[in-house]
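Here is the structure we will look at, set down as structure tokens.
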Amino acid sequence: MMKYCKPLLLVLYCFLSVIFNNLYAQNEPVPLSEDNLKCASCHGSKYYSFTNPLTEETNRKRMNPFFIIDTARYVSGVHRSFSCSDCHSYDYNSYPHPSELKLEPKFSCIDCHGGDETFAKYQFDKIEEDVNNSAHRNAFGTQFKCEMCHDLHTYRPVARDEHSKIKHIVVQDNQMCLNCHNDLSKYQVLTDHNKPELLTTHSWLPNQELHFLNVRCIECHTPTDDTIMVSHRILPKDQAVHLCSDCHSTNSILRDKLYKYAAQQSRSDNGYYNSVILNEAYVIGANRNKYLNIISLLFFGAALLGISIHIIFRIIKKK
Amino acid sequence: MENHKLYLYPIWLRIWHGINALCIILLIITGLSMQYGNIDYPLISFKTSVMIHNFCGIVASIGFVIFLVGNFISDNGIHYRFKIRGLYKRLFTQLMYYVFGYFKGEPKPFPITKENKFNPLQRISYAVAMYVLVPLVVITGLGLLYPELIFERFLGMSGVQITAVMHSIGGFFVSFFLMIHLYVASIGKNPLKNYKSILTGYHES
Ligand code: HEM
């Protein structure tokens, strides 16, 4: 009997997780369109094959890793309804791609989203202004584009999805920075400097691993800004947050940053300070329970009172 | 009453007690400063608090293990055992002594002997403190120091969160214990007599 228990539980677990995952599936992925499949047959995997019309042989070759599109994420990204050739020249349909396409100017976020009322809630123009003032722009000028962080083939504003777990948001957002700050080959596209090792530059932060899984880089590297969801003004390093109590206190900056979306959705308060934060993490100093506070004060008060009375009697009796 | 000395607190116990007392006081101060810290009025900076708290926590945890081993191999451990039967009555008798009898000059209901160095209230509070509260704080504290050791989620809450709440509650009760411990130790013919005992090892009556 016992020996069936484990597999049965496993099946039950799988069943339940399928149901839950479906319940929570937000951005319904759409299958790749016919057109996109054509491009994806080569750009969707590490290898591609084509028939050489001269030799009539079929060659199988490695795809340049930077030209691989993650099709699984493409179909749930914000631009999933696009066909590749909406943004890329139709001439890519032929292979080998015509060489002059290398010079084809590429769209940037602002080309399509700048001043667009439909997307006003994202405040693209304010974002662009922030990016213009960021440490990266100051160092590299317009060479540092939105696309350095946002892969528009896969991007999805996870934080706006109310079903997203904070941990997933943190991982996705940190990946945007780590993609480059942890990858010399990308980093040195911009500069010949040696890349500072993040683990050493942040060694002042204890429990570093835990912190990087629970807070985003931008929590510390951008200013707190009430007027926008995600400030894009990456500050010079000497202005980064290094005070622990900026997060570890009741007026934690996390409320106005990482937890901004959650905080706007729910103003509920079940006795905890920063209860939105508490739902997902326990940040020492930022989470306190009002009732526990009152109870502990009562306990100590009562004990102090008892002790004081006892002392008074001891003094009286001594005389 | 004849004036004789009882050797109640062996040297290892006194060393443990001294280190433990120092660590726990620092732990309480830094713990409060982290939990109720305020950016504008930092009593101790968060970072310093964390450092001191971690250091003292580790020392106190090692001390706790030494205490357990000491109680196990020496016969100090017997003072921490109590029978349930009649417990309530014994506790009540002792409480009544502290509240009334002591002021009337009545004799101690449970005089201190080598075999019975704690009165019933001490016995139960020391046993609860050392076998329930301190282990709870030590284990949850280690969990917070090495979060990868604790389960990720439990009953829909994050493991770290549950551990941290248990840790704070445990810490609260230890503080509460300490406050009463400190006061009760001052009850006697001379308020400082018991404090001297825990330093010299001898109890004088
Ligand atoms: C500055 C702080 C402290 C002072 C001045 C102090 C003082 C004393 C004194 C005077 C005694 C002997 C009298 C008695 O048996 O009641 C004692 C015993 C004891 N104290 Fe403390 N204490 C302190 C902190 C603590 C702390 C933080 C703990 C544990 C968390 C603790 C646990 C104990 C225990 C378990 C005993 C009995 C030891 C034995 O005989 O087995 N004390 N303490």
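Taken in sequence, the protein lines are chains A and B.
With the working numbering applied, the first sequence corresponds to residues 845 to 1163, in that order.
With the working numbering applied, the second sequence corresponds to residues 346 to 550, in that order.
Glycine included, each C-beta is placed from N, C-alpha and C at the ideal position.
Since this is a predicted model, take the numbers as computed values, not measurements.
request  = Tell me, please, which residues DSSP counts as bridged to A/T902.
outcome  = Position 58 of the first sequence, counted from the first residue, corresponds to residue 902 of chain A. In the DSSP assignment, the residues bridged to A/T902 are A/T895.
request  = Whole angstroms is fine: what's the gap from B/G446's alpha carbon to B/P452's?
outcome  = Counted from its first residue, the second sequence places residue 446 of chain B at position 101. Counted from its first residue, the second sequence places residue 452 of chain B at position 107. B/G446 and B/P452 have their C-alpha atoms roughly 8 Å apart.
query = So, helix, strand or coil for A/A869, using DSSP?
reply = The residue labelled residue 869 of chain A in the question sits at position 25 within the first sequence. Residue placement at A/A869 is flagged as unreliable, the pLDDT there being 43, under the threshold of 50; the coordinate-derived value follows with that caveat. Of the three classes helix, strand and coil, the one that applies to A/A869 here is coil, per DSSP.
key: Contact set between the region 501-516 of chain B and chain A, restricted to residues whose Cβ is under 9 Å from the partner   = So the close ones are M502, S503, V505, Q506, I507, T508, A509, V510, S513, I514.
inquiry  = Just checking B/A509 against the ligand HEM - is the residue's beta carbon closer than 7 Å to any of the ligand's heavy atoms?
reply    = Counted from its first residue, the second sequence places residue 509 of chain B at position 164. Relative to the ligand HEM, B/A509 has its C-beta separated by 7 Å or more from all heavy atoms.
request  = Examine chain A for any beta-carbon lying closer than 8 Å to the beta-carbon of B/Y540, and answer yes or no.
outcome  = As a position in the second sequence, residue 540 of chain B is number 195, starting the count at 1. Chain A, which has no Cβ nearer than 8 Å to the Cβ of B/Y540, makes this no.
key: Selection of the region 436-453 of chain B by Cβ proximity to chain A, strictly under 7 Å   = Listed by position, the residues of the region 436-453 of chain B near chain A (Cβ gap below 7 Å) are F448.
query = For A/E1006, does the three-state DSSP call read helix, strand or coil?
reply = Translated into the one-based positions of the first sequence, residue 1006 of chain A becomes position 162. Three-state result, A/E1006: coil.
ask   = Are any of the Cβ atoms in chain A nearer than 8 Å to that of B/F522?
value = What you label residue 522 of chain B is simply residue 177 of the second sequence in a count that begins at 1. For B/F522, the answer is no, since every Cβ of chain A falls outside 8 Å of its Cβ.
ask   = Does DSSP classify B/R453 as helix, strand or coil?
value = Taking the first residue of the second sequence as position 1, residue 453 of chain B is located at position 108. In the sequence as displayed, the identity of residue 453 of chain B is Lys instead of Arg. Shown here, B/K453 sits in coil according to DSSP, grouped into three states, outside any helix or strand.
task = Measuring only between beta-carbons, confirm whether B/I569 sits less than 8 Å from chain A.
result = Beyond the ends of chain B as shown, which are 346 and 550, falls residue 569 of chain B; an answer cannot be given.
ask   = Hey, would you say the C-beta of B/L370 is under 7 Å away from at least one heavy atom of the ligand HEM?
value = Numbered from 1 along the second sequence, position 25 holds the residue referred to as residue 370 of chain B. Reading the sequence as shown, one finds Ile at residue 370 of chain B and not Leu. Closer than 7 Å to some heavy atom of the ligand HEM: that describes the Cβ of B/I370.
First and last residue of the uninterrupted alpha helix (DSSP H) at A/A878 = Counting from one through the first sequence, the residue named residue 878 of chain A turns up at place 34. Residue identity differs from the one stated: residue 878 of chain A is Glu in this sequence, not Ala. 878-887 is the extent of the alpha helix (DSSP H) around A/E878.
ask   = Leaving out five residues before and five after A/F951 in sequence, what residues of the same chain have Cβ atoms less than 7 Å from its Cβ?
value = Within the first sequence, the letter at position 107 stands for residue 951 of chain A. Closer than 7 Å at the Cβ level, and outside the excluded window around A/F951, lie C931.
A/A983 classed as buried or exposed, judged by whether at least 16 other C-beta atoms fall within 10 angstroms = Position 139 of the first sequence, counted from the start, is the residue given in the question as residue 983 of chain A. Taking every protein chain shown into account, the CB of A/A983 has fewer than 16 other CB atoms within 10 angstroms, so this residue is exposed.
message = DSSP three-state label for A/N1133, please.
response = Position 289 of the first sequence, counted from the start, is the residue given in the question as residue 1133 of chain A. Under the three-state reduction of DSSP output, A/N1133 falls in the strand class.
query = Using a C-beta to C-beta distance shorter than 7 Å, which residues of chain A count as neighbours of B/Y528?
reply = One-based indexing of the second sequence puts residue 528 of chain B at position 183. Within 7 Å Cβ-Cβ: I1151.
inquiry  = Using a Cβ-Cβ distance cut-off of 8 Å, determine whether A/Y1126 contacts chain B.
reply    = Along the first sequence, read from residue 1 onward, the residue named residue 1126 of chain A stands at position 282. Residue contact check for A/Y1126 against chain B: a CB pair falls below 8 Å.
ask   = Identify the residues that DSSP records as bridge partners of B/L351: which are they?
value = Start at 1 with the first residue of the second sequence, and residue 351 of chain B comes out as number 6. In the DSSP assignment, B/L351 is bridged to B/H548.
query = Which residues in chain B sit within 7 Å of A/P1050, going by Cβ to Cβ distance?
reply = Your numbering for residue 1050 of chain A matches position 206 in the first sequence. Chain B residues near A/P1050: V395.
message = Determine, for A/C1229, whether the minimum Cβ-Cβ distance to residues of chain B falls below 8 Å.
response = Since the first and last residues shown for chain A are 845 and 1163, residue 1229 of chain A lies out of range.
ask   = In whole angstroms, what is the alpha-carbon distance linking B/I532 and A/H1154?
value = Reading the second sequence from its first residue, position 187 is the one you call residue 532 of chain B. Reading the first sequence from its first residue, position 310 is the one you call residue 1154 of chain A. In a straight line, the C-alpha of B/I532 is about 10 Å away from that of A/H1154.
inquiry  = Can you check which of these residues, B/Y528, B/V477, B/V505, is closest to B/G515 by C-alpha distance?
reply    = Start at 1 with the first residue of the second sequence, and residue 515 of chain B comes out as number 170. Ranking B/Y528, B/V477, B/V505 by Cα distance to B/G515 puts B/V477 first.
task = Would you check if the region 1009-1022 of chain A and the region 1097-1106 of chain A touch, i.e. whether three or more CB-CB distances between them fall below 8 Å?
result = Touching, per the Cβ criterion.
6 Å Cβ shell around A/I954 - same chain, five flanking residues per side excluded = As a first step, residue 954 of chain A must be located in the first sequence, where it is residue number 110. A distance below 6 Å between beta-carbons, with the five flanking residues on each side excluded, links A/I954 to the following residues of its chain, in chain order: E972.
Buried or exposed (CB count within 10 angstroms, at least 16 for buried), A/A1130 = For this step, residue 1130 of chain A is matched to residue 286 along the first sequence. The residue is buried, with at least 16 neighbouring Cβ atoms inside 10 Å.
task = Could you check how far apart the C-beta atoms of B/L353 and B/G486 are, in whole angstroms? I think they sit under 8 Å.
result = Position 8 of the second sequence, counted from the start, is the residue given in the question as residue 353 of chain B. Position 141 of the second sequence, counted from the start, is the residue given in the question as residue 486 of chain B. About 30 Å separates the two Cβ atoms, so there is no contact after all.
ask   = Any chance the CB of B/H526 is under 7 Å from a heavy atom of the ligand HEM?
value = Along the second sequence, read from residue 1 onward, the residue named residue 526 of chain B stands at position 181. Yes, since a heavy atom of the ligand HEM falls inside the 7 Å radius drawn around the Cβ of B/H526.
query = Within the chosen definition, does the region 362-373 of chain B reach the region 517-527 of chain B through at least 3 CB pairs nearer than 8 Å?
reply = As far as the Cβ criterion goes, the region 362-373 of chain B touches the region 517-527 of chain B, which means the pair count is three or higher.
inquiry  = Among the candidates A/S933, A/E961, A/S1140, whose CA atom is the shortest distance from the CA of A/P949?
reply    = Working through the first sequence from its first residue, we reach residue 949 of chain A at position 105. Taking only the C-alpha atoms, the option nearest A/P949 is A/S933.
ask   = Is there contact between the region 1036-1050 of chain A and the region 991-1002 of chain A, where contact requires at least three CB pairs shorter than 8 Å?
value = Result no; under three Cβ-Cβ pairs closer than 8 Å.
Extent of the continuous alpha helix (DSSP H) run through A/Y1031 = Within the first sequence, numbered from 1, the residue matching residue 1031 of chain A stands at position 187. A/Y1031 -> alpha helix (DSSP H) spans 1028-1034.
task = Closer than 7 Å by C-beta to A/F911: which residues in its own chain qualify, once you throw out the five before and the five after it? Chain order, please.
result = The sequence position of residue 911 of chain A within the first sequence is 67, counting from 1. Spatial neighbours of A/F911 in its own chain (CB-CB distance under 7 Å, excluding positions within 5 residues in sequence) are listed in chain order as H887.
query = How would you write the range of the alpha helix (DSSP H) that B/R435 sits in, first residue to last?
reply = Here residue 435 of chain B corresponds to residue number 90 of the second sequence, with the count starting at 1. Element bounds for B/R435: 432-441.
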